[in-house]
């Protein structure tokens with residue numbers, strides 16, 4: 001993971017494809033991140049090991065993206081002691097409502113935030129994560145300003 005302070009974990013390759021345009025934006029702005037695709041349902045042991053690995057690295061924020069029952073963000077938040085942003089995708093029969101409820105209804109003490117549904121929720125999660133990083137490093141404030149300016153148009 002190197003010097004990357006933001007980790008983005010997606011529940012499936014389908015989630016990555018859904019956010020293809022948004023990942024191009026991250027590249028355009030040179031946002032430092034590490035991306036993993038790990039299903040909380042299909043491979044919980046691998047996810048657990050990755051969470052333990054993140055504790056040893058200098059990761060400062062996790063963005064967890066998933067659709068449908070969306071256990072991923074809560075699972076991660078239960079293992080790490082850093083901010084976790086859950087992004088429910090607006091897919092499935094209920095257009096993301098089931099995913100959103102899975103994230104906002106985690107048990108007390110888990111500590112998890114959501115920044116909205118789908119693509120806009122993902123971009124807002126990136127802005128939120130950069131805002132957290134800007135508390136320690138001023139250079140991230142400029143990135144936040146640039147991204148916000150892009151979406152004011």
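In this note's numbering, the protein residues as written are 1 to 153. Glycine is no exception: its CB is placed at the ideal position from the N, C-alpha and C atoms.
Own chain residues within Cβ distance below 7 angstroms of residue i, not counting five before or after
i, result
"residue 50", "36, 38"
C-beta atoms of residue i and residue j nearer than 9 angstroms
i, j, result
"residue 102", "residue 117", "no"
"residue 147", "residue 130", "yes"
"residue 119", "residue 21", "yes"
"residue 32", "residue 3", "yes"
"residue 10", "residue 70", "no"
"residue 55", "residue 80", "yes"
Endpoints, alpha helix (DSSP H) assigned at residue i
i, result
"residue 73", "72–79"
"residue 44", "44–56"
"residue 147", "139–152"
"residue 20", "20–28"
Member of the options whose CA lies at the smallest distance from the CA of residue i
i, options, result
"residue 15", "110, 63, 6, 57", "63"
"residue 61", "109, 125, 72", "125"
"residue 168", "45, 32, 78", "It is not possible to answer for residue 168, since the shown part of the chain is limited to 1 through 153."
"residue 139", "29, 41, 54", "29"
Assigned secondary structure, residue i (DSSP; H/G/I helix, E/B strand, else coil)
i, result
"residue 64", "strand"
"residue 121", "helix"
"residue 109", "coil"
"residue 38", "coil"
"residue 131", "helix"
"residue 102", "helix"
Boundaries (first-last residue) of the beta strand (DSSP E) holding residue i
i, result
"residue 10", "6–10"
"residue 95", "Residue 95 -> no beta strand (DSSP E), and no H or E assigned at all."
"residue 88", "84–88"
Closer than 8 angstroms: residue i CB and nearest the ligand PLP heavy atom
i, result
"residue 89", "The ligand content of the structure shown is nil, which means the ligand PLP is not present either."
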